[in-house]
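Going by our numbering, the letters in the sequence shown line up with residues 4 to 135, in that order.
What follows is a short report on a single structure.
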Amino acid sequence: MQTQRVFHTGAVTSLVILFAWLLVWEIVVAPLHPGGSLLALKALPLLLPLRGVLKRDLYTLQWSSMVILIYFVEGVVRAWSDRTEISRMMALGEVLLVVSYFLFALLYLRPYKKQAQKLAKELLDKVKVPHD
């Protein structure tokens with residue numbers, strides 16, 4: 004399916020850009036300390052699901068779409084509370100990238116979820132015991 008390819012490409016692209024975005028933000032654009040900070044390490048956990056997302060592993064796409072919401076919360080908090088305008092803009096960019104990944108992952112998973120529900124219903128219909 005062409006739409007599935009678009010959703011998968013969108014998920015991969017937004018995940019990779021989010022990783023780079025976080026590194027650039029915390030090392031170059033608006034680090035908390037001059038010369039960068041260890042806060043840039045927050046981008047490393049995004050590499051854990053990357054292989055599974057690239058391979059279109061449904062389980063990885065499911066759990067990563069939930070874990071990525073931690074980055075959403077961090078972005079919202081920093082967009083609201085950071086002192087510098089550039090850091091607030093970077094935080095809003097993080098929020099947009101997280102929302103993009105979340106939506107692309109869910110849209111990619113949707114037909115598989117529907118198929119699984121259909122198969123489960125068929126199986127349950129087969130094993131139902133008639134009542135007297």
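Even for Gly, the Cβ is constructed at its ideal location relative to N, Cα and C.
Remember, predicted model here, so these are calculated numbers, not experimental data.
Does DSSP put residue 78 in a helix, a strand or coil?
-> helix
Residue 21 classed as buried or exposed, judged by whether at least 16 other C-beta atoms fall within 10 angstroms
buried
- Item | Other residues of its chain near residue 111: CB distance less than 7 Å, five sequence neighbours each side excluded | 7, 10, 11, 14, 64
key: Contacting residues, own chain, Cβ-Cβ under 7 Å from residue 35 (five flanking each side not counted)   = 42
So, at 8 Å on beta carbons, what are the nonlocal neighbours of residue 55 in its own chain, with the 5 sequence-adjacent residues on each side left out?
62, 63, 64, 67
Identify, in the order they occur along the chain, each residue of the same chain with its Cβ nearer than 7 Å to the Cβ of residue 104, setting aside the five sequence neighbours on each side. 14, 17, 18, 21, 71
Thinking C-alpha only, which one of 108, 47, 27 is nearest residue 59? 108
### Query
Would you call residue 130 buried or exposed, if buried means 16 or more other Cβ atoms sit within 10 Å of its Cβ?
exposed
Checklist line | Opening and closing residue of the alpha helix (DSSP H) in which residue 119 lies | finding: 88-130
For residue 40, which of helix, strand or coil comes out of DSSP? coil
So for residue 54, helix, strand or coil by DSSP? helix
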